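Beneath this line is the structure, given in structure tokens, with notes to follow.
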Amino acid sequence: MIEELGVIKKVDQDHIWVETQIKTTCGGCVANQDCGTGAIAKTLSPKSQLLIFRCTKPANVGQKVKLGIPEDDLLSASALMYMLPLLVLIASALAAESLLPMLGVYHELWTVVFTAGVTALSFLQIRRHLQGSKGRKYQPKLLELVPLRGTGIDIREVTDN
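Residue 7 is where the sequence shown starts when you use this note's numbering, and the numbers rise one by one after that.
Pasting the structure below:
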């Protein structure tokens, strides 16, 4: 399970709005200060995301929550979003190169147009799949509410006598 902390921004009867900070891999790189990619990622990437969860437990604005998503679900969603369109791109380019000349179309521009169209359709179909009922497994889940400060267990230093 990949876990992340978020902060509750709004609470109503049975829902909470949780803000999470979006982190890029550039944040952990040693060359972050001297890298052009890191500077672009800082400028263009959104800084936070607001998620809505059903929560029947008492919660307060400002309270931290622990969110999680199983590794298998994250890997399968990544494969859907990155590997499948790449495979569709390659397959559609090969198909266009072999089928279009049979139809009397020899210009490479039509191969590019066909490949781009089929790949765009694959992205739309993947998006529809991820937003549908089967796509709910790819959404983060609310694991627990982190207790507010001062409401937890009193921990005292134990000394050996």
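For each residue, glycine too, the CB sits at the ideal point set by N, CA and C. Keep in mind the model is a prediction, meaning the values are calculated, not measured.
Which residues bound the beta strand (DSSP E) around residue i?
i, result
"histidine 21", "21-27"
"glycine 12", "8-17"
"lysine 147", "147-151"
"histidine 106", "The residue you asked about is not histidine; residue 106 is leucine in the sequence shown. Neither: leucine 106 is in no beta strand (DSSP E) and is coded neither H nor E."
"leucine 56", "54-60"
Please return the same chain residues whose Cβ sits closer than 8 Å to the Cβ of residue i, not counting the five positions on each side in sequence.
i, result
"glutamate 9", "Lys72, Leu73, Gly74 and Leu149"
"tryptophan 116", "Ala102 and Leu106"
"aspartate 18", "none"
"alanine 83", "Leu136 and Tyr144"
If we count the other Cβ atoms within 10 Å of its Cβ and call it buried at 16 or more, is residue i buried or exposed?
i, result
"isoleucine 58", "exposed"
"serine 128", "buried"
"serine 98", "buried"
"valine 180", "Missing from the structure shown is residue 180; the chain here goes from 7 to 167 and no further."
"isoleucine 22", "buried"
"glycine 110", "exposed"
"threonine 62", "exposed"
"proline 64", "exposed"
For residue i, which residues from the same chain have a beta carbon less than 6 Å from its beta carbon, with the 5 sequence-adjacent residues on both sides left out?
i, result
"lysine 143", "Asp79"
"glutamine 27", "Ser54"
"proline 153", "none"
"phenylalanine 120", "Ala102"
Tell me where the alpha helix (DSSP H) around residue i begins and ends.
i, result
"glutamine 131", "114-137"
So which of the options has the shortest CA-CA distance to residue i?
i, options, result
"glycine 68", "Tyr112, Leu11 and Arg133", "Leu11"
"proline 91", "Leu81, Leu130, Lys147 and Ser104", "Leu130"
"tyrosine 88", "Asn66, Thr125, Lys147 and Pro146", "Thr125"
**Item:** Start-end ranges of the beta strand (DSSP E) lying completely within the region 62-92, minimum 3 residues
**Value:** With a minimum length of 3 residues, the continuous beta strand (DSSP E) runs that stay inside the region 62-92 are 70-75.
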